[in-house]
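Residue numbers (this note's numbering), protein chains in the order written: chain X, 11 to 274; chain B, 11 to 274; chain Y, 11 to 274.
Idealized CB from N, CA, C, for every residue including glycine.
Below you'll find the structure, written out as structure tokens, and then a few comments.
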Amino acid sequence: MINVSTLIENLQEIREKSPLIHNITNYVVMNNTANALLSIGASPVMAHAIDEVEEMIQIASALVINIGTLNREWVDAMILAGKAASKKGIPIVLDPVGAGATSYRTNVCKQIIDECKPTIIRGNASEIMALVNANIQTKGVDSTNTSDLAVDSAKSLALATNSVVVISGQTDYITDGKNVETVQNGSPIMARVTGLGCTATAIVASFAALNADKLQAATHGMAVMGIAGEIAARKATGNGSLQVHFLDELYNLNAETIKNTIKL
Amino acid sequence: MINVSTLIENLQEIREKSPLIHNITNYVVMNNTANALLSIGASPVMAHAIDEVEEMIQIASALVINIGTLNREWVDAMILAGKAASKKGIPIVLDPVGAGATSYRTNVCKQIIDECKPTIIRGNASEIMALVNANIQTKGVDSTNTSDLAVDSAKSLALATNSVVVISGQTDYITDGKNVETVQNGSPIMARVTGLGCTATAIVASFAALNADKLQAATHGMAVMGIAGEIAARKATGNGSLQVHFLDELYNLNAETIKNTIKL
Amino acid sequence: MINVSTLIENLQEIREKSPLIHNITNYVVMNNTANALLSIGASPVMAHAIDEVEEMIQIASALVINIGTLNREWVDAMILAGKAASKKGIPIVLDPVGAGATSYRTNVCKQIIDECKPTIIRGNASEIMALVNANIQTKGVDSTNTSDLAVDSAKSLALATNSVVVISGQTDYITDGKNVETVQNGSPIMARVTGLGCTATAIVASFAALNADKLQAATHGMAVMGIAGEIAARKATGNGSLQVHFLDELYNLNAETIKNTIKL
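Here it is in structure tokens:
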């Protein structure tokens, strides 16, 4: 259950401290991700060069690894940066974009999980389930519906990888393997804007940068995404204007709006 | 001549079946291309890794190859993906961005045409004419004006490559080498938004994914672009807002709007 | 001191001649940069392939080198293009994004400055100061406040590199090492949109393409950025809509708006 006061305090802290979020992310969403981090008050940096990722980690407060458009050189940089972040002790948030679509993506995620130990993993249900199949000896799951199956998968992945796992969807589920938090805010049209999932990953990273309770940080990040998206959806006339309104809403988000919009 | 009922049915089919369009495209337009495909109801995936393009083709319904920002590694991936698409029998739509501007671009297009046999080629007049010069022993062309010259070039390229060729412009010309269709909708301000040509290529691919008549598919794709662009241009106050309105109009496009706007 | 009539004439000339601006820039801003160049009336091309950059320079009127997301292959292309531009005698505008954040970035900038001799260097105060430290034996600077320190750094860098140096900020400073011009227009919210600094670099390049007086060209570019940004900020409700309004304002900028808005 979200503690609204803590959420508002954490958002305020991001705006005051402006943590530097180091993103190794895909070409499609780089611009929107950077703008969303600026909207919420964090500082984005995009850097993927083998020659600088380890040094960049030294000034960063969190690392986002997003495999949306990958190739071998980028994966090498992700692993280097991830190991440096792990050694430094800053949170790593993994976005396994398209895991399950090709074996290459699934295998790269498995490698990143094994070598970098991400703190938080955020994906949609099918991506998380693909990771479960790749990382866990699957035993029969007793779920009788898709939602339950997805949540069970998320819990299994969280326990197997010692991370917090987020499944985005109509309801977002956030779990450390034992506890499960949910976020009910959002709008179906958000799925029609490319990269809002990737944006969620980066926003979660900005909360994780300043909050040692990773289950809470991930939940707060998803709540803020859902609230801004839901208000933006009311104002939008299509997926083009939704993206614009979404950034504006995130930029203007305040205690009153959060309290009036959040669904607990 | 466009059959409006068939166009509307084909658009409806895209929205129902949401074909997966695999894009190997340039950095500048990736975000807008993905959003435009989501606007029309298709599913975009951007993937260029040598390690996955062939596998990605197995779940795709069409392939877009766009050379806007290319280098050797990307060209290798384009060829691999193109051969896999050709073997699987799904349509390949080539966007020869900047053909003629450098010999490298012209030669890469020639290589892609030779090795991948694209189904549809969409460019502006100068790009198409550069491909004609590279691919065809040019004989004297009898055209007395630029439009006619461009259309003759498109017809020659279509026949030489066994493809449908689209020339974007104030009037769009679409030809299989014998028949020539035209699209009259659109607005001059569309040329002031980067990548709307690339978007057209992707929208054409989403129609080609579900329609075996490639001349018709390409014509429908260009008609939908022109209609959405024309309405968006009426609402826009510059090229920034045009991009936003364009996506919204594509998202909201319906039978009534098409019937009221199309110029036959 | 800005000569408003000359500024307006130079803007008009960009719109008439539409100079081709060759950009080797970062993934985050490519789309916005291309759109801003189209807004102002220039023609953008993005090309980074080793196999074509030298040939592309032959048809370009200015080169932008922006190191925002770099790696070795891109740096090789920057150097190749920069040498070709230098040989041809067209202006090179360098954007040292993140100089000082990692030694790799600082060193790459130093290499580009040494080998390509940029005509104009545009960055924020900390980037310019990082370049000064890397390129100049620093002697004690007598400045008593940050602004003065930054301007002294810009002057030193300009003299050491025989270039015009621009520092973006609340006030923009533009110097050839002797004279210092200032631009007072703009809005603080511009810093919350990713890549508006990179956009400024490209807009400066479009003025430099047609004006042999590089101090004036850089000043005009920054003035146009500040004016369009300031008007856009009045209309925007957040950083999302600011980007959209900014492009529209740049697109619609005319003599009357410039005269009514410029702060001299």
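By the Cβ-count criterion, X:Ala164 is buried, with 16 or more other Cβ atoms from all chains shown falling within 10 Å of its own Cβ. Taking 8 Å as the upper bound for CB-CB distance, Y:Pro106 and Y:Cys119 are in contact here, some 4 Å apart.
When rounded, the separation of the alpha-carbon atoms in X:Thr192 and Y:Ala57 is 45 Å. By the Cβ criterion, the region 183 to 198 of chain X is not in contact with the region 259 to 269 of chain X, since fewer than three pairs of Cβ atoms, one from each stretch, lie closer than 8 Å.
By the beta-carbon neighbour count (other beta carbons within 10 angstroms, threshold 16), X:Met11 is exposed.
Within the same chain, Ala265, Ile268 come within 7 Å of B:Ile18 by CB-CB distance, once the 5 residues on both sides are set aside. Around the C-beta of X:Ala109, 16 or more other C-beta atoms lie within 10 Å, and the residue is accordingly described as buried.
Within a 10 Å sphere around the beta-carbon of X:Ser15 sit fewer than 16 other beta-carbons, which makes this residue exposed. Each residue's CA atom was taken as its position, placing X:Ile177 and X:Thr271 some 21 Å apart. At the C-beta level, B:Ala218 and B:Pro101 come within 8 Å of one another.
In the structure shown, the three-state DSSP call for B:Pro106 is coil. The beta-carbon distance between B:Val74 and Y:Met40, rounded to whole angstroms, is 18 Å. This is too long to meet the 8 Å contact definition. Taking each of X:Ile138, X:Thr79, X:Pro29, X:Leu274 in turn and checking the Cα distance to X:Ser53, the smallest one comes out for X:Pro29.
Residues of chain B with a Cβ closer than 7 Å to the Cβ of X:Val254 are, in chain order, Val254. Burial state of X:Leu80 is buried, judged by a 10 Å Cβ sphere holding 16 or more other Cβ atoms. Where Y:His32 is concerned, there is no enclosing alpha helix (DSSP H), although the beta strand (DSSP E) around it starts and stops at 30 to 34. Between X:Gly196 and X:Gly236, the C-beta gap is smaller than 8 Å, which places the two residues in contact. Across the region 55 to 83 of chain Y, CB contacts with chain B closer than 8 Å involve Val55, Met56, Ala57, His58, Ala59, Ile60, Asp61, Glu62, Glu65, Met66, Ile69, Glu83, in sequence order along the chain.
A distance below 8 Å between beta-carbons, with the five flanking residues on each side excluded, links Y:Ser251 to the following residues of its chain, in chain order: Lys245.
Proximity of chain Y to B:Val38 at the Cβ level (cut-off 8 Å) is accounted for by Met40, Asn41, Ala44, Met56, in chain order.
About 10 Å separates the beta carbons of X:Ile34 and X:Ala95, which is beyond the 8 Å limit, so they are not a contact pair. The C-beta of Y:Arg25 comes no closer than 8 Å to any C-beta of chain X.
Note on geometry: alpha-carbon atoms of Y:Ala144 and Y:Asn172 lie some 16 Å from one another.
For X:Ser197, there is no enclosing beta strand (DSSP E), as DSSP marks it with neither H nor E. For X:Ala140, same chain residues with a beta-carbon under 7 Å away, outside a window of 5 residues either side, are Ala109, Gly110, Thr116 in chain order.
By the neighbour-count definition (other C-beta atoms within 10 Å, threshold 16), X:Asn20 is a buried residue.
If you look at X:Asp124, you'll find it in the alpha helix (DSSP H) that goes 113 to 126. Beta-bridge analysis with DSSP links X:Leu73 to X:His32, X:Ile102.
8 Å or more divides the Cβ of B:Ile60 from the Cβ of B:Leu260.
Y:Asn13 carries a coil assignment under DSSP once its states are collapsed to helix, strand and coil.
B:Glu62 carries a coil assignment under DSSP once its states are collapsed to helix, strand and coil.
No Cβ of chain Y is located within less than 8 Å of the beta carbon of B:Arg132. Sorting X:Ala72, X:Leu48, X:Ile123 by C-alpha distance to the C-alpha of X:Val85 places X:Ile123 at the top.
Residue state for Y:Ser178 is assigned as strand, using DSSP reduced to three classes. Of all residues in the region 155 to 185 of chain X, none places a beta-carbon less than 9 Å from a beta-carbon of chain B. Short of 7 Å from the beta carbon of Y:Ala233, and not among the five residues preceding or following it, lie these beta carbons of its own chain, in chain order: Ile12, Leu17, Val193, Asn195, Ile272.
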